[in-house]
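Novice: Chains as they are written, first to last, in my numbering: chain A, 1 to 95; chain B, 101 to 195; chain C, 201 to 295; chain D, 301 to 395; chain E, 401 to 495.
There's a structure below that I have some questions on.
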Amino acid sequence: MQLAKVIGTVVATEKHEALEGIKLLIVQPLTPDGEPTGRPVVTVDGTAMAGPGEIIFMIGGREGALVLEKWFTPVDHGIIGIVDDIYVAVSALPD
Amino acid sequence: MQLAKVIGTVVATEKHEALEGIKLLIVQPLTPDGEPTGRPVVTVDGTAMAGPGEIIFMIGGREGALVLEKWFTPVDHGIIGIVDDIYVAVSALPD
Amino acid sequence: MQLAKVIGTVVATEKHEALEGIKLLIVQPLTPDGEPTGRPVVTVDGTAMAGPGEIIFMIGGREGALVLEKWFTPVDHGIIGIVDDIYVAVSALPD
Amino acid sequence: MQLAKVIGTVVATEKHEALEGIKLLIVQPLTPDGEPTGRPVVTVDGTAMAGPGEIIFMIGGREGALVLEKWFTPVDHGIIGIVDDIYVAVSALPD
Amino acid sequence: MQLAKVIGTVVATEKHEALEGIKLLIVQPLTPDGEPTGRPVVTVDGTAMAGPGEIIFMIGGREGALVLEKWFTPVDHGIIGIVDDIYVAVSALPD
């Protein structure tokens, strides 16, 4: 799973019907010490509690749909938890 | 899911029979603030409404086929929505 | 799907039995304006008509096997069409 | 599979119910000669024995869930072994 | 599929039970002209004949398990052939 920060939302009127009523968040992947890494992605929220500025962790690929009630919804990323704390050996991080 | 802009189309006479009659669009992945990121890909359109210049969001991997009527069509990207607006905390974006 | 150019072939005597009789092509992924992007991959050909120098588009991941008669063949890329023409707004391409 | 080093843990109160009671580790992918490569990811532990500082190998994608008892748990990385030793022709590594 | 060179092995006492008795090889992905590209990965060998120094091609993702007898083994890369020769239009390779 990937750590990321919620940075925005996407509004779309024309979309796949399976996405009706599903909130779409933009998240920026982060390293464990909080630096942005890689490009932002659009994701759905399996916790239903993630808001702007929060650090979350998400799954990618087919598993993304497992966080929704309907597994065949066409999504490829899903938030599965909101991070309270990260404990990491900073010495082990890349420079 | 990935934000992207529709930048073109592909014309192919010789192709897998499951792709007959399916429109193939070239899209350029974008960051939330509209910068190109990564390489363009060829995708199908689950909304049937995406046109050149429009900002869309798409899914990658196996899920791509879920946007079509026939799920076993061999595609790996699919447009699932047309973006009306993006709300993002610009301060949260990478420099 | 990814645009690519057929640049070669792989010859392998020792291989998984499911690959017997299946032609293996090396393709170089391309941007829509024809520049190489990313590393070449080995792929199978669902059109049975792709030859050296041709521009094709292919799928990646599990979908690769859908282009063959036997879906459980262990492949992860498959050519699904030969490109006749690409229409793209050049102004929309990254510099 | 990818070699990596366990560098930390993630604590999350709000999370997908399928993740209740499952330990979440942060790991830094490594090259065979021990250099960090790519970004750290959050993973579950199929060995139930991986601790901080240990070198492990993990799988990515849907296979990640295979290391848990419940295959439909939404995870995309899973530790499948703890490395005792790596034997590698150093001359074969990139500079 | 990806071209790669076998550069080593991984020894692991503690591992997922499905991996008992399965040899784990470290391979370095290569370009068609033999240059290392991307990071080394740990893989299983569906040919049962790949040894150090040999050039092989492998599949990634879920397909990796198809090369083993038990498809639900948690692996994400699998060697499916040993390369005898590569024929490539060198002029078509990136600089």
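C-beta: ideal position from N, C-alpha, C; glycine also.
Under a CB-based cut-off of 8 Å, is T331(D) close to chain A?
Specialist: For T331(D), the answer is no, since every Cβ of chain A falls outside 8 Å of its Cβ.
Novice: List the residues of chain C that D176(B) touches, going by C-beta distances under 7 Å, in chain order.
Specialist: Near D176(B) (Cβ distances below 7 Å), the residues of chain C are M201, I259, G260, G261 and E263.
Novice: Assuming contact is defined by CB atoms lying nearer than 8 Å, are I307(D) and V88(A) in contact in what I supplied?
Specialist: Going by C-beta atoms, I307(D) is nearer than 8 Å to V88(A).
Novice: Report the neighbours of V44(A) on chain D: residues whose CB is nearer than 7 Å to its CB, in chain order.
Specialist: In chain order: nothing, as chain D lies at least about 11 Å away.
Novice: Counting only the same chain and skipping the five closest in sequence on each side, list residues whose C-beta sits under 7 Å from that of I226(C).
Specialist: Here the set comprises I207, G208, T209, V210, P240 and V242.
Novice: Quick one: list the residues of chain D neighbouring T73(A), beta-carbon separation under 9 Å, in chain order.
Specialist: In chain order: nothing, as chain D lies at least about 13 Å away.
Novice: Can you pull the DSSP bridge partners for L394(E)?
Specialist: Residue 394(E) is absent from the structure shown; chain E starts at 401 and stops at 495.
Novice: Excluding sequence positions up to five away, which residues of its chain have a Cβ less than 7 Å from the Cβ of D445(E)?
Specialist: Excluding residues within five positions, the ones whose Cβ falls inside 7 Å are K423, L425 and I479.
Novice: How is the beta strand (DSSP E) around D285(C) delimited, first residue to last?
Specialist: Segment D285 to V288, the beta strand (DSSP E) holding D285(C).
Novice: Pull up the CB-CB distance for I159(B) and V183(B), whole angstroms please, since I reckon it's below 8 Å.
Specialist: At roughly 14 Å, the Cβ-Cβ gap does not stay under 8 Å, so I159(B) and V183(B) are not in contact.
Novice: Note down, in chain order, every chain C residue with its Cβ under 8 Å from the Cβ of L119(B).
Specialist: Neighbours of L119(B) on chain C, chain order: I280 and G281.
Novice: Would you please verify whether the beta carbon of T113(B) is less than 8 Å from any beta carbon of chain C?
Specialist: Taking Cβ atoms only, chain C reaches closer than 8 Å to T113(B), which makes this a yes.
Novice: Under a Cβ-count criterion, where at least 16 other Cβ atoms within 10 Å of its own Cβ denotes burial, should M401(E) be classed as buried or exposed?
Specialist: Answer is buried; the Cβ neighbour count reaches 16.
Novice: Give the DSSP bridge partners of L303(D), in chain order.
Specialist: F357(D).
Novice: Taking DSSP as the reference, what is the three-state secondary structure of G378(D)?
Specialist: DSSP places G378(D) in strand when its eight states are reduced to three.
Novice: So which residues on chain D does V441(E) lean against when the C-beta distance must stay under 7 Å?
Specialist: In chain order: M301 and Q302.
Novice: Near P452(E), what residues of its chain come up, given a Cβ to Cβ distance below 6 Å and the 5 sequence neighbours on each side ignored?
Specialist: Result list for P452(E): V406, in chain order.
Novice: Could you check what DSSP says for L230(C) in three-state terms: helix, strand or coil?
Specialist: L230(C) falls in the strand class under three-state DSSP.
Novice: Which residue from L168(B), K115(B), L103(B) and P136(B) puts its Cα closest to that of A148(B)?
Specialist: Cα-wise, what sits closest to A148(B) is L168(B).
Novice: Candidates P374(D), P332(D) and P336(D): which alpha carbon is nearest F57(A)'s?
Specialist: Answer by Cα proximity: P374(D).
Novice: Under 8 Å Cβ to Cβ from D382(E), same chain only, skipping five residues before and after it: list those, please.
Specialist: Residue numbering for chain E in the displayed model covers 401 to 495; residue 382(E) lies beyond these limits and cannot be assessed.
Novice: Measuring only the C-alpha atoms, how far is A412(E) from E220(C)?
Specialist: Taking the straight line from one Cα to the other gives about 33 Å.
Novice: For A365(D) and L66(A), what's the separation of their Cα atoms in angstroms?
Specialist: A365(D) and L66(A): Cα-Cα distance of roughly 12 Å.
Novice: Is there at least one Cβ from chain E nearer than 8 Å to I222(C)'s Cβ?
Specialist: Not one chain E Cβ lies under 8 Å of I222(C).
Novice: Just checking: is the beta-carbon of I455(E) within a distance shorter than 8 Å of some beta-carbon in chain D?
Specialist: I455(E) does not count as touching chain D.
Novice: Relative to the C-alpha of L130(B), which residue among D176(B), H116(B), A104(B) and G161(B) is closest?
Specialist: The shortest C-alpha separation from L130(B) is found at A104(B).
Novice: Here's the rule I'm using: 16 or more other beta-carbon atoms within 10 Å means buried, otherwise exposed. How should D133(B) be labelled?
Specialist: So D133(B) ends up on the exposed side.
Novice: Against chain A, with Cβ distances strictly below 8 Å, would V310(D) count as a contact?
Specialist: With 8 Å as the cut-off, V310(D) counts as an interface residue toward chain A.
Novice: So is K370(D) buried or exposed if we call it buried at 16+ other beta carbons inside 10 Å?
Specialist: The residue is exposed, with fewer than 16 neighbouring Cβ atoms inside 10 Å.
Novice: Which one or two residues does DSSP pair with P36(A) in a beta bridge?
Specialist: DSSP lists L30(A) as partners of P36(A).
Novice: With a threshold of 8 Å on Cβ separation, who are the neighbours of A218(C) within its own chain once the five nearest residues in sequence on each side are excluded?
Specialist: Closer than 8 Å at Cβ, skipping near neighbours: K270, F272, T273 and P274.
Novice: From D276(C) to D176(B), what distance separates their C-alpha atoms?
Specialist: If you take the alpha carbons of D276(C) and D176(B), they lie about 11 Å apart.
Novice: Identify the contact partners of G338(D) in chain E, using a Cβ-Cβ distance below 8 Å as the criterion.
Specialist: R439, listed in chain order.
Novice: If you drop the 5 nearest sequence neighbours on each side, which residues of the same chain put their C-beta closer than 7 Å to that of G61(A)?
Specialist: Excluding positions up to five away in sequence, the list reads D76.
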